[in-house]
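Below is one structure; the comments refer to it alone.
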Amino acid sequence: EAQVTQNPRYLITVTGKKLTVTCSQNMNHEYMSWYRQDPGLGLRQIYYSMNVEVTDKGDVPEGYKVSRKEKRNFPLILESPSPNQTSLYFCASLNVAGGVRDTQYFGPGTRLTVL
Amino acid sequence: GENVEQHPSTLSVQEGDSAVIKCTYSDSASNYFPWYKQELGKRPQLIIDIRSNVGEKKDQRIAVTLNKTAKHFSLHITETQPEDSAVYFCAAPTFMYSGGGADGLTFGKGTHLIIQP
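Those protein sequences? They're chains Y and G, same order as listed.
Take the first sequence: its letters are residues 1259 to 1373, numbered as in our numbering.
Take the second sequence: its letters are residues 1013 to 1129, numbered as in our numbering.
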């Protein structure tokens, strides 16, 4: 079954304690992306990756890091989380090969609370 | 980069009536326009999409129209049912690099559709 998985699904942490949210896809997609969703602001892109070792900033990258060492994994790293990073996070993957747009698949979401 | 505006932010309709959600985009190079439905507590899921070589696409009670000249596209839901209640997002491709291919999607801020019984 084609899917994007994220872990953890829920996380409560404290300011400054480093955390990583994992994302994995089994569709061999080149493109992966992280979004945060906040009330009234929709889905805002944090970082994206066009392929292994290729990452770039989205609209709201401050306070986040990513890495793409393998095609299937795209972890989101918060080195020093702050309360304004409390949000619902979605990972997504998309096949962009040949310039043809394919369905963007979303992970189930990670609800993060930073105290 | 791409700018996607979506209206209205909230839409309440009587069950059985039609609902229309509109989006505008800024980049004339955009050629693919998906719509996502997000039910409470769940992930966004693609419900319909349209490519720039057609003006309209239908799938049962859902249709999407595209006007490339005016740079706007709309989602139409007919004979609305309670299970249509959700947040709907439109999106358009993001072109980060000049001359390059699309490298992501820019989303509208979403429309909360409420179906009144």
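The beta-carbon is built from N, C-alpha and C at its ideal position, and this holds for glycine as well.
In this text, all values refer to a predicted model and were calculated from it rather than measured experimentally.
Identity of the residue in G:I1059, G:L1058, G:G1053, G:T1077 nearest G:K1034 by Cα: G:T1077
Against G:L1069, what residues of chain Y qualify as contacts under a CB-to-CB distance less than 8 Å, listed in chain order? The question names Leu, yet the displayed sequence has Lys at residue 1069 of chain G. In chain order: nothing, as chain Y lies at least about 14 Å away.
Is it the case that the CB of G:G1013 approaches a heavy atom of the ligand COA more closely than 6 Å? Questions concerning the ligand COA fall outside what the structure shown contains, since it holds no ligand whatsoever.
Residue of Y:Q1343, Y:K1329, Y:V1324 minimising C-alpha distance to Y:I1335: Y:V1324
Please confirm if Y:G1321 has its CB atom under 7 Å from at least one CB of chain G. no
Could you check where the beta strand (DSSP E) with G:S1042 kicks off and where it finishes? From DSSP, G:S1042 is part of no beta strand (DSSP E); its letter is neither H nor E.
Kindly give me the distance between the Cβ atoms of Y:V1312 and Y:C1281, rounded to whole angstroms, as I take these residues to be in contact under 8 Å. That belief does not hold up - the Cβ atoms of Y:V1312 and Y:C1281 are roughly 16 Å apart, past 8 Å.
Return the CA-CA distance between G:S1024 and G:V1032, expressed in angstroms with no decimal places. 11 Å
G:P1056 CB to nearest chain Y CB: under 7 Å? yes
Does chain G have any CB closer than 7 Å to the CB of Y:G1274? Chain G has no Cβ within less than 7 Å of the Cβ of Y:G1274.
Excluding sequence positions up to five away, which residues of its chain have a Cβ less than 6 Å from the Cβ of G:H1088? V1032, A1075
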